[in-house]
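Position 29 (the sequence shown) corresponds to 144 in the working numbering; numbering is contiguous.
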Amino acid sequence: MPLPRDPTLIYTDKAEVARAPVLKMVFRRANDSLMIVGPRAVEDEEWRELLMKLREEFRMSAVCTAPYKGNDLGRKMGIVEAATLLQRDAPVLGVHPDLVVFTGSRTDVTDRVLQGLRHARPDLVKVSLNPEYCPSADYSLPTVKRDQFLQELKALVGI
């Protein structure tokens, strides 16, 4: 499958296209992982439920960047605020994450944040769990339709 062309890409290396088995290994290897949940994931009930199961299975801390009632998806925090804390290697929710998972945000926003993190924190493993490929992450799912994307999330959770 050819990778989509991204006119904003400023780095020569791109994200590894990863599926559920590889992502499971990456998640298990992390000591302190952080999930940043955006508005698209909050609005889609099935996506949101799968993320809550994924968070429980891999013991991830979570930050929700969208208005959401409840704290199932973590503390409310803006994506820029979370990115600034990550770039400065400051604790986010009391931990110094070694893995950050972006899901549910717009692709251009996710890409910009990941470009900044790639420059400021090369030691941080960055994963994009969106239906669109994100070249600035270390690992990203390929561009797929919503149904295939949810199947990948189900495979990650083990459903």
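Yeah, the Cβ is synthetic: ideal placement off N, Cα and C, and Gly gets one too.
Alpha-carbon to alpha-carbon, residue j and residue i
i, j, result
"P212", "D262", "30 Å"
"T225", "V216", "10 Å"
"R163", "V132", "23 Å"
"A252", "L188", "21 Å"
"A205", "R236", "11 Å"
"V157", "V240", "23 Å"
"P182", "V242", "23 Å"
"P257", "K139", "16 Å"
Opening and closing residue of the alpha helix (DSSP H) in which residue i lies
i, result
"V137", "135 to 144"
"V215", "Premise fails: V215 lies in the beta strand (DSSP E), 214 to 218, not in any alpha helix (DSSP H)."
Proximal residues to residue i (C-beta, below 7 Å), its chain only, five neighbours per side dropped
i, result
"A135", "E267, A270, L271"
Own chain residues within Cβ distance below 8 Å of residue i, not counting five before or after
i, result
"V259", "P246, E267"
"A198", "V228, G231, L232"
"T222", "N245, E247, C249"
"G273", "E172"
"G193", "T180"
Same chain only: Cβ atoms within 6 Å of residue i, ignoring 5 sequence neighbours per side
i, result
"A145", "D213, L214"
"K168", "V272"
For residue j and residue i, believed in contact at Cβ under 8 Å, the rounded distance
i, j, result
"V166", "R190", "Checking the sequence, you will find Leu at residue 166 rather than Val. With 8 Å as the limit, L166 and R190 do not qualify as a contact, their Cβ atoms being about 15 Å apart."
Notebook entry, point to check: Can you list the alpha helix (DSSP H) stretches of 4 or more residues lying completely in the region 145 to 187, in chain order?
Noted result: 154 to 158, 160 to 172
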